[in-house]
Structure formats: C-alpha cells, structure tokens
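K.L.:
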Amino acid sequence: MEASSGSETDGDFNGMSIFPLIETVVDGGSEVLPAFGRPISVSAVFKSDRQGRFVEFFRIYRPTDKNEKLEPFKRCYLHLSQVVKIGPKLQMWVVEDSDANEGPSQSMSFGLQCCLQRASNAFYSAIQEFKNNGTKLETVASTDANTLAKNKFEEKIDPSSAKMYFHYYGQLLHQQNMLQDYVRTGTYYAAVIENHADFHGKVVVDVGAGSGILSLFAAQAGAKHVYAIEASAMADNARLLIAGSPSLSQRITVIHGKVEEVELPEKADILISDPMGTLLVNERMLESYIIARDRFLVPNGKMFPSRGRLHMAPFRDELLYGEIANKALFWQQKNYYGVDLTALRDKAFQGYFSQPVVDAFDPRLLIAQPVIHDIDFVTAKEEDFFEIDVPLQFKSSVSAGVHGLACWFDVLFDGSAVPRWLTTSPGSPTTHWYQIRCLISQPLCVLAGQPVTGRLHMIAHSSQSYTVHLTLSASSMTPDLNGVGGTQTSTVELDLKEPYYRMTQFPAYAWFQQEQTQQPVSSSLLLRYDSV
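Read left to right, the sequence shown gives residues 1 to 532 (the UniProt record's numbering).
#1: Give me the Cβ distance between Val254 and Gly212, rounded to the nearest whole Å; I'm assuming they're in contact under 8 Å.
#2: Who are the near neighbours of Val183 in its chain, counting only those whose CB is closer than 6 Å to its CB and skipping five residues on each side?
#3: Find out if the Cβ-Cβ distance for the pair Asp359, Thr504 is shorter than 7 Å.
#4: So what does DSSP say about Leu116, is it helix, strand or coil?
#5: Thinking just about the alpha-carbon of each residue, which of Pro370, Asp389, Thr467 and Glu383 is nearest to the one in Val452?
#6: Distance, Cα to Cα, Pro391 vs Cys445?
#7: Kindly indicate which three-state DSSP category residue 589 falls into: helix, strand or coil?
#8: Would you mind working out which of Ala122, Tyr169 and Phe110 sits nearest Phe73, comparing C-alpha positions?
#9: Mind checking Gln180: buried by the 16 CB within 10 Å criterion, or exposed?
#10: Following the continuous beta strand (DSSP E) through Pro391, name the residue where it begins and the one where it ends.
#11: Rounded to whole angstroms, what is the Cα-Cα separation between His293 and Leu310?
#12: Measuring CB to CB, does Val84 end up less than 7 Å from Pro265?
#13: Rounded to whole angstroms, what is the Cα-Cα separation between Cys76 and Leu90?
#14: Buried or exposed for Thr342, please, with buried defined as at least 16 other CB atoms from any protein chain shown within 10 angstroms of its CB.
#15: Considering only C-alpha positions, which residue in the set Ser273, Val378 and Asp346 is nearest to Leu422?
#16: Could you check the C-alpha separation between Val94 and Phe54 for me, to the nearest Å?
#17: For the structure I just gave you, are there three or more beta carbon pairs, one from the region 403–415 and one from the region 312–331, closer than 8 Å?
#18: For residue 540, which residues of its own chain have a beta-carbon under 7 Å away from its beta-carbon, when the five flanking residues on both sides are left out?
#19: Just the Cα atoms here: how many angstroms apart are Ile18 and Ser463?
#20: Using CA coordinates, which residue listed in Lys395, Asp384 and Asp362 is at the minimum distance from Ile436?
#21: Looking at Ile252: is its Cβ nearer than 7 Å to the Cβ of Ala228?
#22: Excluding the 5 residues preceding and the 5 following His469 in the sequence, name in chain order all residues of the same chain whose CB lies nearer than 7 Å to its CB.
#23: Give me the Cα-Cα distance between Ser160 and Glu283, rounded to the nearest whole angstrom.
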C-alpha cells in the first residue's frame, strides 16, 4: 500500500556520496566517461506524493556549516529513474526531469556511492522494494545487510575460494595467458566477425568480461551497445583498454560486479562469454552463464557459445603411469634420517592418483572412440551442473592396458552465417585448457574388441570445482578358480581443484575422430569489420 501524500517511510540511509557525471567530447561526439565530479555527502529518505514514489536526497553539511538550514538536495521519482549497480559500492542513476512539461524530456545522471558494500546492497534492495510494492522500509532497512547481499553465487561458493578466484583473474598476466591462446582468441574473433549480422544493432552482454576483448569484438561487429560485466578488479583494466578505442568505447559500458547481483537498464539480444574451465565445467562459471541467460537475455536470444560437448575415452600410457607411481617411492623408505616412512606409503600412492593430469597428449594413446556428453546452454538449468553423471561404454580397438580416462571438450558458436567450433581435442592445436586425464591406480587389461564400461560421476563443491568419481570395468582375461571369468574394476576419486599441471605438448595433426569442418575467416572480412 502506498504511503500517504508527502509522507516518509520509517528509516533512512546515511553515509552516501553523490558524484555528478563529467562529460568529455570524443571524436566530435559526447561520451560519458566513468569519471565523476567532486563528491557531495548525502542521506536519503523514501517518500511519496501525488506524482509518485521518490527518494529525497539531503545534503550533509560540514560541522562548520551546522547553522545553515538543511534542505533537500535532489528529488528522484522512481518511475522516472533507472538505477544500475556498476560496482560493489557504486550505483549509476539516470533520472528524467519530472518538471519538463513541454518539449523533449531531459535527464540527468549521477553516481551514488555507499561507504560499505552491504550498505549499497541494502539501499538498492530498499529502492526496488519501495518502487515495486510501496511498502514501508523498516523491514528492509533493518534486515541484516549480509542477508540482503546474498545471491546465488555467495550461497554456493566458499568466500575464501571466491577471493582467490577473483584475485587470480584480476591479474593481467593471467589475462595475457588467455589472450595469447590464439586458438581461443582467434576462434572467438572469427565467430563474431563472420556472424556480424547476429551482433549488428543488437544489445550484447559480455558475461565475465575480463580484459574486455570480447566486448570489443562485439562492438567491432556493430553491436548497438555492449554491457561488459566483470566481478574482479580486472574491470578497471577493461575500462582502460576499451577507452583506448574511442570509436568503440562509446558503445561499451563496463560494470564491476557479479552477474548474479548487477542490474542492467535493458535486456540483451545476445550473450557472449568464455565460461569454460578444464573438463569444461571446472570453476563453475557455466552456472553464472546460465544465470545471466535467465536474467538478461530476451526470449529466443542468441548465446555465444550455445552448446558444449565433453568427450571421454580410455587411454594407455605406461610412461605417465610410471611417472605418477614413482612419486610415491619416496614413502617406501624405512630409514629416512632414522624414520620409517612406509606407514604413509599407501596414502601417498592414492593421493598422487587423485590428481587429474593436465597436459596435451598423443591421440594415438586412445584405445576407443570417445563417449560424448552434450550440454545445451540454451536450455540447461543451473541445477544441471550441480551433479553430472555420465555412463561410459567403449569397445577397445587394440589389446592394451587401460590406465585411465582422457577428457576434452569443444563448444559451438551457432552463428546464423558460419557455425564455428572451438575444440581442445588431442591432435588439434593446443589451447591453454590442454586436456585432462584421470589415471586409475590399478590398470585394466583388455583385448581388441573387448567392451570397457564404467561411470564418470562429478559432484560440484563450494571451492568452485568438482569431486570426480571414476569407475572403469572390463571382463577378466583369466578365469577364477572355478573356471568362471571374473570382472576387473578400478575406481578413483579425484579433485578437479587440485590437478597435476604436467603441461606437455604434442604436435598437432589430424586423427581418427570425425573432423569438424568450418570455413576460415576471409581476409576481406577481417579488414572490413576491424574498422567498424
């Protein structure tokens, strides 16, 4: 129920500052830069009158000015205001002039910053509550601000893991590692430029923008506007990088915050993101990609990428198995400075095999055609990524020992002109994702044509990764005492968060897996759209 005319709600908000926007002229046009004028300390009170509900800002004078009369500084009617969170403590306000009765409507813009992130979240929640329901805000104002700040990300991710994660991606050296992955960066560029019709004149949201490179690609393809959402401190560097291309920067807004938390002034026609981790799902960024789809994408909007495929196949590699097993030999010493270490030998042996191996391997080590687990990002639910279960069934192409399961992924950019795949498969040019191999501590022995079965069961955990349970089985090559053939089974539990970065590479070449044909980017396209 709306408050009576001119009445105040119970509870106000203090400790805030308003920053007038500074406009600079770039290339003959006016561009609003993310820089603000001198701050003005204010408090805010929620009110309503016959024109509607509004926020009244009062200027807070210095103690030397305490004898001056305190007067309202700004009145912002909420039905004429757009409020966008562009940082943990910072909001952008765009307010139409309520007194403009004739001629085109005028608008003013300003930044509003709270002293604490939880205060910013509480104030933003209060605005939405009052704007939508008109209820008094004593409940909102007094609610624990930490509860108000809760979102889907914070509910499922350990704070210490999130801190390390955002610190990592806030470093330029790690962004450089991704940018210099020319398979990755070049494929994104080709997918956007070749399918420029999907981007031209469209609103684009870049989910987890990082350095802002994908936002710049979208702007090159003619996007109407790009909202680059980045939760780490890399958002500041993205602003600098984007500002270096003035003709494009006018159409890009960098928003510092999580996709689970920020608000946008309009819906997106297309999402673009690099949400893939090792084994496709590591780091759990795909869940944020799905949340962004549900929050921001228009019905039937496009997603780049729109589909992911996880490939799995058994492999043989005596050299790798021996390398891992030999690490545990240290614990077989019975007189290490007078200490018997053998009590920890078995535990150390299993510990080394609990690490997924990250490297690029020779595809000839694979002994069967891969099983494929397909994920449609357009229809998948966030909950689908909490637990992933893949039944495994192979037929061995050779007689060999089975040392584990090899995994890689590819994603599809389903553009209207040229569908394009980004693959991390063995035998293809190596990417910064490499491939993943899960070793089993007890190898299996199989004959050519013999079935190999099993299960890959992945359970998400709060450290932004997965616990992987792998089981592989095959019929025994030797009968038991009763003359009946038995079954050899090997199981292992791995933590995708704690891999062994072996980082070996193997020269790229074509192999038996069906090739994914696609047209190369023409030089005319590159020249034409690089100057858009």
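Even for Gly, the Cβ is constructed at its ideal location relative to N, Cα and C. If you're wondering where the values come from, they're calculated on a predicted model, not measured in any experiment.
P.N.:
So, from the data block:
#1: Reading the sequence shown from its first residue, position 254 is the one you call residue 254. Reading the sequence shown from its first residue, position 212 is the one you call residue 212. Cβ atoms of Val254 and Gly212 come within 8 Å of each other, at about 7 Å.
#2: The sequence position of residue 183 within the sequence shown is 183, counting from 1. Cβ neighbours of Val183 beyond the five flanking positions: Pro429 and Thr431.
#3: As a position in the sequence shown, residue 359 is number 359, starting the count at 1. As a position in the sequence shown, residue 504 is number 504, starting the count at 1. Contact: yes.
#4: Here the question's residue 116 lines up with position 116 in the sequence shown. In the three-state scheme derived from DSSP, where H, G and I count as helix and E and B as strand, Leu116 is classed as coil.
#5: The sequence position of residue 452 within the sequence shown is 452, counting from 1. Nearest in C-alpha terms to Val452, of all of Pro370, Asp389, Thr467 and Glu383, is Pro370.
#6: As a working mapping, residue 391 is identified with position 391 in the sequence shown. As a working mapping, residue 445 is identified with position 445 in the sequence shown. Cα to Cα, Pro391 sits roughly 20 Å from Cys445.
#7: With the chain covering only 1 through 532, there is no way to say anything about residue 589.
#8: Position 73 of the sequence shown, counted from the start, is the residue given in the question as residue 73. Answer by Cα proximity: Phe110.
#9: The residue you call residue 180 lines up with position 180 of the sequence shown. With fewer than 16 other Cβ atoms from the protein chains shown falling within 10 Å of its own Cβ, Gln180 counts as exposed.
#10: Taking the sequence shown and counting its residues from 1, one reaches residue 391 at position 391. Run containing Pro391: Glu387 to Lys395, per the beta strand (DSSP E) assignment.
#11: Taking the first residue of the sequence shown as 1, we reach residue 293 at position 293. Taking the first residue of the sequence shown as 1, we reach residue 310 at position 310. The sequence shown places Arg at residue 293, rather than the His named in the question. Here the C-alpha atom of Arg293 lies approximately 21 Å from the C-alpha atom of Leu310.
#12: If you number the sequence shown from 1, residue 84 lands on position 84. If you number the sequence shown from 1, residue 265 lands on position 265. At the C-beta level, Val84 and Pro265 come within 7 Å of one another.
#13: Along the sequence shown, one-based indexing puts residue 76 at 76. Along the sequence shown, one-based indexing puts residue 90 at 90. Distance between the alpha carbons of Cys76 and Leu90 is about 17 Å.
#14: In the sequence shown, the residue the question calls residue 342 occupies position 342. Exposed: under 16 other Cβ atoms inside 10 Å.
#15: Here residue 422 corresponds to residue number 422 of the sequence shown, with the count starting at 1. Distance check between Leu422 and each of Ser273, Val378 and Asp346 places Ser273 closest, using alpha-carbon atoms only.
#16: Working through the sequence shown from its first residue, we reach residue 94 at position 94. Working through the sequence shown from its first residue, we reach residue 54 at position 54. Rounded to whole angstroms, Val94 to Phe54 spans 14 Å at the Cα level.
#17: Taking 8 Å as the limit for Cβ pairs, the verdict is that the region 312–331 does touch the region 403–415.
#18: Since the first residue shown for the chain is 1 and the last is 532, residue 540 is missing from the structure and cannot be characterised.
#19: Walking along the sequence shown from the start, residue 18 turns up at place 18. Walking along the sequence shown from the start, residue 463 turns up at place 463. Rounded to whole angstroms, Ile18 to Ser463 spans 37 Å at the Cα level.
#20: Against the sequence shown, residue 436 aligns to sequence position 436. Ile436 has its Cα closest to that of Asp362, out of Lys395, Asp384 and Asp362.
#21: Taking the sequence shown and counting its residues from 1, one reaches residue 252 at position 252. Taking the sequence shown and counting its residues from 1, one reaches residue 228 at position 228. A contact, by the Cβ cut-off of 7 Å.
#22: The count along the sequence shown starts at 1 and reaches residue 469 at position 469. Excluding positions up to five away in sequence, the list reads His457 and Glu493.
#23: The residue given as residue 160 occupies position 160 in the sequence shown. The residue given as residue 283 occupies position 283 in the sequence shown. Here the C-alpha atom of Ser160 lies approximately 14 Å from the C-alpha atom of Glu283.
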